[in-house]
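Notes follow once the structure below has been shown.
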Ligand SMILES: [Zn+2]
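See the structure below:
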């Protein structure tokens with residue numbers, strides 16, 4: 601390798617003493633995340649205490665969370681459909697450790713809830729509550745426990761948890 605292209609090492613002192621041309625800047629990096637049409641409406645309806653899905657008339661599917669495009673037939677989805685805030689536990693886990701590795705005596709119970717009114721297999725990820733962890737079963741009927749209306753903000757957390765019916 602040729603020595604002609606060697607770099608020039610710099611250290612903090614080179615900057616402090618002005619040996620190097622540089623500029624200071626405070627970036628004002630503000631941004632917003634656009635939820636898109638489908639999830640935007642979904643979150644808006646959560647604030648109203650309702651679950652909404654999209655259907656595809658060609659595939660006869662009702663999809664939640666909603667999406668504006670059907671990945672089966674590659675067409676735009678057709679209509680908004682309100683679905684129930686009830687469902688069945690599709691799968692779940694008992695978590696005795698938090699995200700930051702703290703041990704829990706009472707486990708968190710994340711679960712996929714198949715929503716009544718949506719097509720089989722369509723559900724949302726949430727958590728179970730108000731239930732003895734030892735009694736949770738796949739297929740168990742559950743209902744959303746909502747935050748009080750005045751505390752809802754248009755978030756999936758407007759549902760506190762899902763409890764057995
Ligand atoms: Zn379709």
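In my numbering, the protein residues as written are 601 to 765. Yeah, the Cβ is synthetic: ideal placement off N, Cα and C, and Gly gets one too.
Within the chosen limit of 6 Å, ligand 1 reaches the beta carbon of residue 672 through at least one heavy atom. If you ignore the 5 residues before and after residue 698, its C-beta comes within less than 8 Å of the C-beta of 704, 708, all in its own chain and listed in chain order.
A residue is called buried once 16 or more other Cβ atoms fall within 10 Å of its Cβ, and residue 672, having fewer, is exposed. Within the same chain, 665 come within 7 Å of residue 639 by CB-CB distance, once the 5 residues on both sides are set aside.
Secondary structure at residue 748: coil, using DSSP grouped into helix, strand and coil. At least one heavy atom of ligand 1 lies less than 6 Å from the C-beta of residue 659. Sequence-distant partners of residue 733 (beyond 5 residues in either direction) whose C-beta falls short of 8 Å from its own C-beta, in its chain, are 694, 706, 707, 709. Look at residue 695: its beta carbon is at least 6 Å from all of the heavy atoms in ligand 1.
For residue 744 and residue 630, the gap between their C-alpha atoms comes out near 35 Å. A direct Cα-Cα distance of roughly 11 Å separates residue 663 from residue 651. Just so you know, the alpha carbons of residue 681 and residue 702 end up roughly 41 Å apart.
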